[in-house]
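What follows is one structure encoded as structure tokens, with my remarks underneath.
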Amino acid sequence: MKIQYSKHALAKIEERKIDKTLIERVLINAELTFYDIVNRTFVGISKVKIQEFETNLVVVYTKSEENFKIVTVYPCKNIEKEIKAKEKNRWIRI
């Protein structure tokens, strides 16, 4: 599996001090996965620990047979609220 990162994703990873191994873990073993019909991307979500804080990591990506391209990554404390807002009009649970 080859993972590529957009410039935006790399900036957010650095800004938020997110370890890339956490991103890989979400890609391989997401607790929740959605398809974003607006942006045509996948959204993987898992609980992780970032700098000693437990949170949910949201990884937005596209995929082909051999590649994942990370579009953006962000931590989200209130994932239920995020999902509820997005499932109404753009995220489809996979």
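In case it helps, my numbering puts the sequence shown at residues 86 to 179.
Note that beta-carbon positions come from the ideal geometry of N, C-alpha and C, so glycine has one too.
Query, Result
"Can you tell me where the beta strand (DSSP E) holding ARG101 begins and where it ends?", "No beta strand (DSSP E) contains ARG101, which is instead part of the alpha helix (DSSP H) from 92 to 101."
"Tell me the DSSP bridge mates of LYS134?", "GLU139"
"Please classify VAL123 as buried or exposed, where buried requires at least 16 neighbouring CB atoms within 10 angstroms.", "exposed"
"What residue does the alpha helix (DSSP H) around LYS166 start on, and which one ends it?", "164 to 172"
"Cutting at 7 Å between CB atoms, please list the residues of its own chain near ILE179, excluding the five before and the five after it.", "THR118, PHE119 and TYR120"
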